[in-house]
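Going by my numbering, the sequence shown opens with residue 266, and the numbers climb by one from there. Presented below is the structure to which this report refers.
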Amino acid sequence: MAVLLYDPIFSAHDVDPKHPECPARLGAILAALAPRHLEKHSREATRAEIERVHTPTYLDHLLAQRGRWGEAGPEAELCPASVDAALLAAGAAIELVDRLLLGERGMVLSRPPGHHARPHEGMGFCVLNNIAVAAAHAKTKGVERILIVDWDVHHGNGTQEVFYRDPSVFFCSIHQSPLYPDSGFADERGAGAGLGFTLNLPMPAGSDDQEWLSALEKNLVPALQSFQPQLILVSAGFDAHQLDPLAGSWLTAEGFRAMTRLLRGLAHTYAFGRIGLFLEGGYRLDTLGGCVLACVEELERV
Ligand SMILES: [Zn+2]
């Protein structure tokens, strides 16, 4: 069994009927995962939990727009339900970490996504950086070394920025390059005490399942022999799928399954089996559900 966290408010974030980051994404995912049990999660992340990652000024800016139309930052629009959804998504991310530390595996099925959100502003469909809030929470629970892998087709610039100087969080992003947000080059490796704890794997357009898996096997796996993560968190976007309208990579559902299998194995080797996935992008509605299902099936394997 995998823990699957969802709340109906995640489907109420709806900024424009033509927006690719739309409620129907979750509808497609839930249909594919049926009849699995979804746990409704209703706790918002607290101000203290969010301020481990985001500035108080940004949080005030968001809270002032609660129940209103507005924006969190560039390409991060808000509808009246969006701030409520973002606060609950961050709360669900924290809940998943607590469950992972109890020995479970699972996935947060939330919107809006998070990995582009920077400390001081939302960005690129993202409002609060859910996976960063989750990792920061894990640190307060005594987890000393956390691995974040971001396989969304876009570079996880917000997450990288949060932990760029932090040697307790190893951040690895594999993404298509060049592509929005025009960062995530191989020479971005962290700074200060965090130098060497950021690993970017930019992939050319047209790369497929085997090329992405090989890049992780050749670059990430050896790096973990010294880092030895105690917890693995995954920014799971599915816009590297070959039919996705926002990018030009060539992955299939089997590629996402294989990456989950690889990381699940690493979680068993280093992290007591603790691995959690957090939904990021993925905009092709007729393939998104199958991709998520493939990952969940891997999480469910003993
Ligand atoms: Zn993306």
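Cβ coordinates follow ideal geometry from the N, Cα and C atoms, glycine included.
GLU545 CB to nearest heavy atom of ligand 1 below 7 Å: Here residue 545 refers to the residue found at position 280 when the sequence shown is read from its first residue. For GLU545, the CB falls within less than 7 Å of some heavy atom of ligand 1.
Distance cut-off 7 Å: ASP325 Cβ against heavy atoms of ligand 1: For the purposes of this step, residue 325 is taken as the residue at position 60 of the sequence shown. Relative to ligand 1, ASP325 has its C-beta separated by 7 Å or more from all heavy atoms.
Same chain, Cβ closer than 7 Å to CYS344, neighbours up to 5 away in sequence not counted: Translated into positions along the sequence shown, residue 344 becomes position 79. Here the set comprises HIS278, ASP279, VAL280 and TRP334.
Pairwise C-alpha distance: LEU531 and HIS440: Taking the first residue of the sequence shown as 1, we reach residue 440 at position 175. Taking the first residue of the sequence shown as 1, we reach residue 531 at position 266. When rounded, the distance between both Cα atoms is 20 Å.
Coil, strand or helix - PHE436 by DSSP: In the sequence shown, the residue the question calls residue 436 occupies position 171. Looking at PHE436 - three-state DSSP - the assignment turns out to be strand.
Boundaries (first-last residue) of the beta strand (DSSP E) holding THR463: Counting from 1 along the sequence shown, the entry for residue 463 is found at position 198. DSSP places THR463 in the uninterrupted beta strand (DSSP E) bounded by 463-468.
Stretch-stretch touch, CB-based, cutoff 8 Å, three pairs: the segment 541-557 with the segment 367-383: With a cut-off of 8 Å, the segment 367-383 and the segment 541-557 count as touching, because enough Cβ pairs lie within range.
Pair within 8 Å by beta-carbon distance, PRO378 and VAL318: Position 113 of the sequence shown, counted from the start, is the residue given in the question as residue 378. Position 53 of the sequence shown, counted from the start, is the residue given in the question as residue 318. For the pair PRO378 and VAL318, the CB atoms are not nearer than the 8 Å cut-off.
Contact check, LEU496 vs ILE359, beta carbons under 8 Å: Position 231 of the sequence shown holds residue 496. Position 94 of the sequence shown holds residue 359. In this structure, the beta-carbon distance from LEU496 to ILE359 does not fall below 8 Å.
Same chain, Cβ closer than 6 Å to PHE462, neighbours up to 5 away in sequence not counted: Residue 462 sits at position 197 when you count from the first residue of the sequence shown. PRO432, PHE435 and GLY455, listed in sequence order.
Proximity below 8 Å, CB of GLY421 to CB of SER438: Walking along the sequence shown from the start, residue 421 turns up at place 156. Walking along the sequence shown from the start, residue 438 turns up at place 173. In this structure, SER438 lies closer than 8 Å to GLY421 by Cβ.
Reduced DSSP category for TRP515 - H, G, I as helix; E, B as strand; rest coil: For this step, residue 515 is matched to residue 250 along the sequence shown. Of the three classes helix, strand and coil, the one that applies to TRP515 here is strand, per DSSP.
Supposed close pair ASP272, LEU328 - CB separation, criterion 8 Å: Along the sequence shown, read from residue 1 onward, the residue named residue 272 stands at position 7. Along the sequence shown, read from residue 1 onward, the residue named residue 328 stands at position 63. Between the beta-carbon of ASP272 and that of LEU328 there is about 19 Å, and that puts the pair past the 8 Å contact cut.
For VAL499, the three-state DSSP class (helix, strand or coil): Mapped onto the sequence shown, residue 499 falls at position 234. DSSP places VAL499 in strand when its eight states are reduced to three.
Length-filtered (4 minimum) alpha helix (DSSP H) runs lying within the segment 336-366: Fully enclosed alpha helix (DSSP H) runs of no fewer than 4 residues occupy 347-366 of the segment 336-366, in order along the chain.
As assigned by DSSP and simplified to three states, the class of LYS283: Within the sequence shown, the letter at position 18 stands for residue 283. LYS283 falls in the coil class under three-state DSSP.
Inter-stretch contact (C-beta, 8 Å, three-pair minimum) for the segment 493-508 and the segment 532-544: Three or more beta-carbon pairs separated by less than 8 Å link the segment 493-508 to the segment 532-544, which places the two stretches in contact.
Test item: CB-CB of ALA512 and LEU444 under 8 Å: The sequence position of residue 512 within the sequence shown is 247, counting from 1. The sequence position of residue 444 within the sequence shown is 179, counting from 1. Result yes, Cβ atoms of ALA512 and LEU444 sit closer than 8 Å.
Euclidean distance between Cα positions of ALA398 and ASP551: On the sequence shown, residue 398 is found 133 positions in, with the first residue counted as 1. On the sequence shown, residue 551 is found 286 positions in, with the first residue counted as 1. In the sequence as presented, Ala is not what sits at residue 398; that position holds Val. VAL398 and ASP551 have their C-alpha atoms some 30 Å from each other.
The segment 300-320 in contact with the segment 384-393 per 3-pair CB rule at 8 Å: Here the segment 300-320 lies against the segment 384-393, with 3 or more beta-carbon pairs under 8 Å apart.
Length at least 3, wholly inside the segment 382-462: the beta strand (DSSP E) runs in chain order: Listed in chain order, the beta strand (DSSP E) runs fully inside the segment 382-462 are 411-415 and 434-441, counting runs of at least 3 residues.
C-beta atoms of LEU478 and MET524 nearer than 8 Å: Numbered from its first residue, the sequence shown carries residue 478 at position 213. Numbered from its first residue, the sequence shown carries residue 524 at position 259. Yes, the Cβ-Cβ distance between LEU478 and MET524 is below 8 Å.
Reference VAL362, options GLY332, PHE428, LYS406 and GLY338, closest by Cα: As a working note, residue 362 is residue 97 in the sequence shown. Sorting GLY332, PHE428, LYS406 and GLY338 by C-alpha distance to the C-alpha of VAL362 places LYS406 at the top.
Residue span of the beta strand (DSSP E) that contains VAL373, given as start and end: To locate residue 373, count along the sequence shown from 1; it is residue 108. 371-373 is the extent of the beta strand (DSSP E) around VAL373.
C-beta contact flag for TRP515 and ASP473 at 8 Å: Looking up residue 515 in the sequence shown gives position 250. Looking up residue 473 in the sequence shown gives position 208. The answer is yes: Cβ separation under 8 Å.
Supposed contact pair ARG529 and LEU564 - C-beta distance, whole angstroms, cut 8 Å: Numbered from its first residue, the sequence shown carries residue 564 at position 299. Numbered from its first residue, the sequence shown carries residue 529 at position 264. Correct: roughly 7 Å between the Cβ atoms.
Supposed close pair VAL268, ARG364 - CB separation, criterion 8 Å: Sequence index remark: in the sequence shown, residue 268 carries index 3 (1-based). Sequence index remark: in the sequence shown, residue 364 carries index 99 (1-based). Taking a contact as a CB-CB distance under 8 Å, the pair VAL268 and ARG364 counts as one, their CB atoms being some 5 Å apart.
Candidates LEU508, VAL408 and PHE450, of which the one nearest PRO469 by Cα: Translated into positions along the sequence shown, residue 469 becomes position 204. The residue with the shortest Cα to Cα distance from PRO469 is PHE450.
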